[in-house]
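>
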Amino acid sequence: MRYIEVLTSVRVEREVEAYEATLELSTTAGRKVACFDQALTLRNTVLAALKDCGLTDAEIREGGGEAIQNSWSSTKSVVHLIVIRNASLSVLMSAMAATERHFSTLRHPFFGRIKQNFTFHPPTPIYAAIRSADDALREAIRSAHRTATVIANESGNGVGEMMTVVEHFVGRRASETSSLGYDDGADTIVDYYLSEADSIGAISYNGLPNATADSAQHFRVRFAVDDAEQSVPPENAS
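Counting from 1, position 150 in the sequence shown corresponds to residue 149 in numbering that gives the first Met the number 0; the numbering is continuous, with no gaps.
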């Protein structure tokens, strides 16, 4: 069976529904010093601080972690990853500020046996489609059918039934360009190490309007080709 396959794209406007950030807690010690208990204590303290800022259990989850000790190294480390998500960026920033305040109150000598620090991966927006996925698919099929009709008519044929529809991924699954310059693939991080600065007060965070982004969805749509009838016109029949 002959067919026409069309690659069509649909632009879907998206808006921010939440923000997500990853917090990396690291505890490092000498080879002969136990640091796992210290790492767990730090994790529990930070979790309590996050909840005090308004984050619920459902908005906090373990993101992974690792314990590293190599025979050739003079140190070992324990790392905990905590992922937090909230619809309000203000809540996330307050949680990060509370984490920093906790670290700023810790006092640790330069040659201390245990060192602790945290890495704050800046929040990235989580986008939700303003228009439903069903609407985008319908528009893609209609657009593909129009294109297939033009191609078939130019070859003296018609478009038959739709055979298949497959979502086609080009590069990243959803190429998003935020109006505020966010990029969900960004690998920028900000490191905060232990300091002996005094604890600071709570910050006042003034949020900006939610960002929007355009996301492209690509589909491969295949239509059967209806062959044109080759019958002789009645006026020319013998």
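By construction, the Cβ of each residue, glycine as well, lies at the ideal position given by its N, Cα and C atoms.
Values in this document were obtained by computation on a predicted structure and should not be read as measured data.
Just to confirm the assignment, what range does the alpha helix (DSSP H) spanning N43 have?
35–51
> With a Cβ-Cβ cutoff of 9 Å, do A147 and V158 count as a contact?
yes
> Given a threshold of 16 other Cβ atoms within 10 Å of its Cβ, counted over all protein chains shown, does T40 qualify as buried or as exposed?
With fewer than 16 other Cβ atoms within 10 Å, it is exposed.
> Please report the straight-line C-alpha distance between S154 and P122, rounded to a whole angstrom.
In this structure, the alpha-carbon of S154 lies about 53 Å from that of P122.
> For a test of the three-state rule: what should DSSP assign to I59, helix, strand or coil?
In this structure, I59 counts as strand in the three-state DSSP scheme.
> Please list the terminal residues of the continuous beta strand (DSSP E) segment that includes M162.
157–167
> Going by the CB atoms, is the gap between A86 and A17 shorter than 9 Å?
yes
> Less than 9 Å separating the beta-carbons of I81 and V45?
yes
> Got a sec: does the ligand ADP put a non-hydrogen atom nearer than 8 Å to the Cβ of T27?
The model on display carries no ligand, and the ligand ADP is accordingly not part of it.
> Which value, in whole angstroms, describes the spacing of the CA atoms of A151 and L6?
15 Å
> Taking C-alpha atoms, which residue in A135, C34, A48 lies nearest to L22?
A48
> Which one of Q216, E160, F218 has the shortest CA to CA distance from D226?
E160
> Determine the DSSP secondary structure at V134, reduced to helix, strand or coil.
According to the sequence as given, residue 134 is Asp; it is not Val. Reduced to three states, the DSSP call for D134 is helix.
> If you reduce the DSSP assignment to three classes, tell me which class S72 lands in.
coil
> Which word fits F168, buried or exposed, when buried means at least 16 other C-beta atoms lie within 10 angstroms of its C-beta?
Under the 10 Å beta carbon count, F168 is surrounded by fewer than 16 other beta carbons and is classified as exposed.
> Apart from the five residues on each side of it in sequence, which residues of its chain come closer than 6 Å, Cβ to Cβ, to A135?
V9, V11, Q216.
> Classify E99: buried if its beta carbon has 16 or more other beta carbons within 10 angstroms, exposed otherwise.
buried
> Measuring CA to CA, which of F102, P124, R221 is closest to S25?
F102
> I'd like to check one pair, V220 with A139: are the Cβ atoms closer than 9 Å?
Contact flag set, yes.
> Please identify the residue among P124, A33, A57, D51 whose C-alpha is closest to the C-alpha of N75.
Going by the sequence as given, residue 75 is Lys instead of Asn. Closest by alpha carbon: A33.
> Measure how close the beta-carbons of M162 and F222 come, nearest whole angstrom, since I'm counting them as under 8 Å.
6 Å
> Under three-state DSSP, which class holds S103?
Residue state, collapsed to three classes: helix.
> Where does L54 fall in DSSP's three states?
Looking at L54 - three-state DSSP - the assignment turns out to be coil, as it is neither helix nor strand.
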